[in-house]
Amino acid sequence: MKNIEKSTFKVDKELIRISDIVMEDVLGAKSGESMLIVTNPEEDPLSISQSLFNSAVKYEVEPIIIVQQRRSSADSADPRVLAAISTMPDIYASVSSLRLGQDLGFKILDQEYKRPYIIEDNEREHVFRLARVMGRGFWSPTIRIDVWKRLLSVDYQHMQPFGGKIAGIVTNAEEVFVETEKGTHLTFGCKGMTAASSTGDYKEKGKGGNLPTGEDFITPEPGTMNGEIVFDGGFGGLSYGSGSLFLKNPIKISVKNGRVEHIDGKEEAEILKREIALYTKRCYEMAEKGNFDPEKYAFNVKNIGEFGLGLNPRAELREDSSLLEWEKVLGSCHFAIGYDFGADASKGPPLNQTLNHFDGLIKKPSVIVDGEPLMQKGSYTVQS
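Numbering (my numbering), first residue to last: 1 to 384.
Structure (structure tokens):
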């Protein structure tokens, strides 16, 4: 390849400028590194992927793009995509119109590979999660060009230390209390749990997170969450429609011992109920190929697996956007129904594995951690 001029795609220059920020400020790309980009044929994720390819070439990284048909998390990823991920590239990126898809195994030269996958001391249920440990990178589900352009130019030098401070407060907390004027009233513990600060510092092996970035998240201590959650922003991670649901009517969820007990509301609540039923069914349908316990996975569909806090001042709650942006809104919080990210949320593996991860947004929460206010009606009380 040294004697052949490297070719690139014809892509919007502004997209390439943003992808240059990703290569330099987020990934710290180095000459000679390998990069795998998995995307879909829809214009937005494909154009972003092509801009990343061009930027990678500029930074003397060796990029490969693989295009599969769009998937939701209720679908399986193409096994050829999984096989490519198994090469453990230095840098990985999933840039999708919905999601990457579930891992039901793959084959290379007549050799079958099924989860769990083990390399060194690392065991994971999805080959993509193993790539997170062995390399570094990011995932951008439901990404759109306008969101990529608006949110990636954030001041990382300011957001990263602030995110680290917030993560330190919730890590190993005895009690977290969340309430809103809409009716959220909830307590849970985080003992033994370490928060992840996903703020775009993915320069070292084992680092990774969303792009756009800007959230802290932690796995609630299993069995400790009780109360009511009133989601009034949006939901994401769904198989429904575009994968995200902007809430015009709130969804009220009763939580007992860390699990969803009841769901109340209007048409949005009915959509969420159908999604939970769908993913419960998929746990049984995918179990044999996926090599997992269907009863365990189905039980965990209603688990509350994440508590997150928004940190990105550029993020907005816009109806024409998605949860990828909404959960980053500064001063918001979110809870996820489904799998968690483990006792150490930045590394995993999950404590309660399943197929779904439905993030639900809450606007203007008040958050108290071990008796001290962290947020008052959507405003952080901690100095940045």
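Beta carbons: idealized from backbone N, C-alpha and C, even for Gly.
Query, Result
"DSSP-derived helix/strand/coil call for valine 329", "strand"
"Methionine 286 and valine 255 closer than 7 Å at C-beta", "no"
"Alanine 77 vs leucine 100 beta-carbon contact at 7 Å", "yes"
"Boundaries (first-last residue) of the beta strand (DSSP E) holding aspartate 359", "357 to 362"
"Of the residues Glu327, Ala195, Ser321, Asp340, the one placed nearest glycine 143, counting alpha carbons only", "The residue you asked about is not glycine; residue 143 is isoleucine in the sequence shown. Selected option, being the one with the closest Cα: Ser321."
"Unbroken beta strand (DSSP E) run spanning methionine 35, endpoints", "34 to 39"
"For valine 95 and threonine 354, the rounded distance between their alpha carbons", "22 Å"
"Proximity to phenylalanine 188 [Cα-Cα], best of Gly214, Glu181, Gly223", "Gly223"
"Where isoleucine 276 sits in the DSSP three-state scheme", "helix"
"Segment contact, 8 Å Cβ cut-off, at least three pairs: the stretch 176 to 183 with the stretch 362 to 371", "yes"
"Closer than 7 Å to chain B by CB, leucine 351", "The displayed structure is made up of one protein chain only, and chain B is not part of it."
"C-alpha gap between asparagine 303 and valine 11, whole angstroms", "42 Å"
"Contact the stretch 101 to 109 vs the stretch 49 to 63: 3+ CB pairs below 8 Å", "no"
"Short Cβ contact (7 Å threshold) for tyrosine 92 with glycine 137", "yes"
"3-residue-minimum beta strand (DSSP E) runs that sit fully inside the stretch 113 to 182, ordered along the chain", "117 to 119, 122 to 124, 136 to 140, 176 to 179"
"Identity of the residue in Glu204, Asn249, Glu288 nearest isoleucine 271 by Cα", "Asn249"
"Simplified DSSP state of glutamine 376, which is helix, strand or coil", "strand"
"Environment of leucine 109 [buried if 16+ CB atoms lie within 10 Å]", "exposed"
"Alpha-carbon spacing of phenylalanine 331 relative to asparagine 257, whole angstroms", "First, the amino acid is wrong: residue 331 is glycine here, not phenylalanine. Their Cα atoms are separated by approximately 26 Å."
"Beta-carbon proximity check, glycine 308 vs glutamate 174, cutoff 7 Å", "no"
"Through-space distance from asparagine 172 to glutamine 160, alpha-carbon basis", "20 Å"
"Extent of the continuous beta strand (DSSP E) to which arginine 259 belongs", "259 to 265"
"Whole-angstrom distance between glutamate 43 and serine 49, CA atom to CA atom", "10 Å"
"Buried/exposed call for glutamate 275, threshold 16 Cβ in 10 Å", "buried"
"For serine 51, the three-state DSSP class (helix, strand or coil)", "helix"
"Span of the alpha helix (DSSP H), counted from its first residue to its last, around valine 81", "79 to 85"
"Between the CA atoms of arginine 132 and tryptophan 148 - distance to the nearest angstrom", "22 Å"
"Cβ-heavy atom distance, serine 197 to the ligand HEM, below 6 Å", "Of ligands this structure carries none, so the ligand HEM is not represented either."
"Per-residue burial, alanine 269 [other beta carbons within 10 Å of its own, 16 or more giving buried]", "buried"
"Beta-ladder partner(s) of phenylalanine 235, from DSSP", "Leu245, Gly360"
"Sub-7 Å separation of glycine 236 and aspartate 359 beta-carbons", "yes"
"Bridge-paired residues (DSSP) for tyrosine 92", "Leu36, Gly137"
"Backbone CA spacing between glutamate 267 and lysine 328 [nearest angstrom]", "25 Å"
"DSSP three-state assignment for valine 11, whether helix, strand or coil", "coil"
"Cβ neighbour criterion (16 or more within 10 Å) applied to glutamate 14", "exposed"
"Neighbour-count burial assignment, lysine 30, 16 or more Cβ in a 10 Å radius", "exposed"
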